[in-house]
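What follows is one structure encoded as structure tokens, with my remarks underneath.
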Amino acid sequence: MSRMKLDDFDFDLPERLIATRPARPRSSARLLLAEGDGIADRHVFDLPDILRPGDRLVLNDTRVIPARLFGTRTRGDAVAKIEVTLMEPEAGGTWAAMAKPLRKLAPGDRLAFDAGLGAEVADRGDDRVSLRFDLEGDAFQEALNRAGAMPLPPYIAGKRAADEQDKDDYQTVWAKRPGAVAAPTASLHFDAPLLAALAERGIGMTHVTLHVGAGTFLPVKVEDVTTHRMHAEWGQISPEAAAEINATRAAGGRIIPVGTTALRLLESAAAEDGSLAPWEGETDIFIYPGFRFRVADALMTNFHLPKSTLMMLVSALMGKSRIDRIYAHAIAAEYRFFSYGDSSLLVPDRAAS
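In terms of the working numbering, the sequence shown opens at residue 7 and continues consecutively.
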């Protein structure tokens, strides 16, 4: 692509294809297999037959926190309703958060939520507030688990409220490290029987951590996509994870991130030759056509929003015209889209043979 404009990554999606609940069981979701030039309609439970012994899946073990809070704001004698979505912890013990109505908040305001969870507004910016909660550590996490709702993406939250079922549905079965405000959604398709079948087939699995931030939902606002700036997210690759991935590559196995979050973390940490060392820090890597992948040989991922950075990422992996054909097939075959929708396994030409 000589010039990359935002409209290049647009497509028409019938609203009926936007999933508001996941498939049950998880692994019964459909899987579009795009390998080389071919497209096949499969299911996620077919993965043990599709992948090769010696391949390695890379899984994000972040745990989504119930970051959406509904409560009241008190200033003097005035009380008003408030909605808050936590974004990330800040230096100094505060939390960055989105709030509605943001403009009605001021430093010093008191916020009260369920389960005894309270906070004070420490600062307010143009698009976020900083909150200082009354509780810390385990007490804070316990109160948040009781008071908070899962931060469902806007395209689901606009159709229905989050409920108790989402606290299970919007969490991977291996979720371990709290900190994400959005799920690594390709991983939501895995269940215990599928994991056992993959292990029996000789397919390796490695856990890494990337705490998915609220920036994942922010729209691209620039027409020249190359000038877009990503929201930074914290990630970590342990010494064990790096060693497992390097050993797989040395043995000729393919590295297949499950989800764009795992892929972005790997590519952020990779050396020029594709090798990995233990890594920890923040990444704002932005992957769009022209990017040279160093680690990922393929990608398992759900179907993404028009004009999103994730559409740009999959276009970089497969080629823009190829992705256009894949998405046209998905729409014609009525795959379910977005976070609770079906999935795809994208294997570019170089890794398909």
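For each residue, glycine too, the CB sits at the ideal point set by N, CA and C.
Predicted, not measured: the structure shown is a model, and the values here were computed from it.
Based on Cα-Cα distance, which residue from the options lies nearest to residue i?
i    : options                : result
L53  : G42, E206, E239, Y341  : E206
G296 : D303, S321, A275       : S321
A203 : E41, A220, F51, L23    : F51
W166 : E288, A256, A25, P59   : The sequence shown places Arg at residue 166, not Trp. For R166, the nearest C-alpha among the options comes from A25.
L111 : A121, F292, D129, A249 : D129
T233 : I243, R328, F292       : F292
E96  : D61, I88, V135         : V135
R235 : D290, Y346, L323       : D290
M306 : S314, P354, S327, R331 : P354
G258 : R30, D169, V301, L269  : V301
T68  : H213, L272, Y294, E273 : H213
A85  : L63, D61, R116, L92    : It is Val, not Ala, that sits at residue 85 in the sequence shown. Out of L63, D61, R116, L92, R116 has the C-alpha closest to the C-alpha of V85.
L150 : D172, G124, Q171       : G124
D175 : D18, L351, S33         : S33
A247 : R138, R62, G114        : R62
D348 : K106, M10, R27, D18    : R27
G219 : E239, A102, L201       : E239
S193 : K173, Y346, D18        : Y346
Q147 : K106, H49, W101        : W101
E21  : R356, R342, L352       : R342
A35  : L19, T191, E126        : T191
P59  : I329, M211, F299, P199 : M211
L19  : I243, D330, R356       : D330
R152 : R270, K173, L200, V179 : K173
So residue i and residue j are supposed to be a Cβ contact under 8 Å. How far apart are they, rounded?
i    : j    : result
L57  : I209 : 5 Å
I45  : H335 : 5 Å
L282 : N252 : 6 Å
R255 : I261 : 6 Å
G185 : H217 : 4 Å
V264 : V64  : 7 Å
Y294 : V231 : 6 Å
A189 : Q177 : 7 Å
K106 : E89  : 4 Å
Could you tell me the alpha carbon to alpha carbon distance between residue i and residue j, rounded to whole angstroms?
i    : j    : result
A163 : G241 : 27 Å
E286 : E340 : 40 Å
L23  : I337 : 8 Å
D303 : G325 : 14 Å
M7   : R109 : Only weak support exists for where M7 lies, its pLDDT of 46 falling under 50; the coordinates are left without a value.
F344 : L311 : 7 Å
L272 : E250 : 13 Å
D55  : H195 : 16 Å
D133 : M104 : 7 Å
V228 : T91  : 25 Å
S388 : D197 : Limits of the chain in this structure are 7 at one end and 359 at the other, which puts residue 388 out of reach.
F139 : A29  : 37 Å
R183 : E142 : 17 Å
A181 : N66  : 8 Å
E170 : T215 : 25 Å
R266 : G99  : Note that residue 266 is Thr in the sequence shown, not Arg. Taking the straight line joining both Cα atoms gives about 29 Å.
P245 : P284 : 5 Å
A268 : V187 : 15 Å
E94  : A145 : 18 Å
E288 : R81  : 36 Å
I243 : D83  : 49 Å
M318 : S327 : 12 Å
M10  : S314 : 13 Å
L137 : P113 : 9 Å
R270 : V179 : 21 Å
L200 : D43  : 27 Å
K5   : P160 : This structure cannot settle anything about residue 5, because the visible part of the chain is limited to 7 through 359.
Taking 7 Å as the line, does the beta carbon of residue i fall inside it for any heavy atom of the ligand HEM?
i    : result
E273 : Questions concerning the ligand HEM fall outside what the structure shown contains, since it holds no ligand whatsoever.
Would you list the one or two residues that DSSP bridges to residue i?
i    : result
H195 : Paired residues: none, contrary to the question.
K87  : T78
G287 : G241
N2   : This structure cannot speak to residue 2, because the chain is shown only from 7 to 359.
R129 : It should be noted that the sequence gives Asp, not Arg, for residue 129. Beta-bridge pairing links D129 to S136.
N66  : V214
A155 : R74
W101 : P95, L137
K106 : E89
P263 : V64
P20  : P20 pairs with nothing; no bridge assigned.
A186 : V70
F343 : I24
I45  : A40
L117 : R79, A125
Hey, is residue i's beta-carbon within less than 8 Å of any beta-carbon in chain C?
i    : result
Y176 : Any reference to chain C falls outside this structure, which holds one protein chain only.
Would you check if the segment 9–19 and the segment 265–284 touch, i.e. whether three or more CB-CB distances between them fall below 8 Å?
-> Cβ pair count under 8 Å is below three, so no.
Check whether the segment 67–86 touches the segment 119–126, counting contact only when three or more Cβ pairs, one atom from each stretch, lie closer than 8 Å.
-> They touch, by the three-pair rule.
Taking three-plus beta-carbon pairs below 8 Å as touching, is the segment 33–43 in contact with the segment 153–161?
-> no
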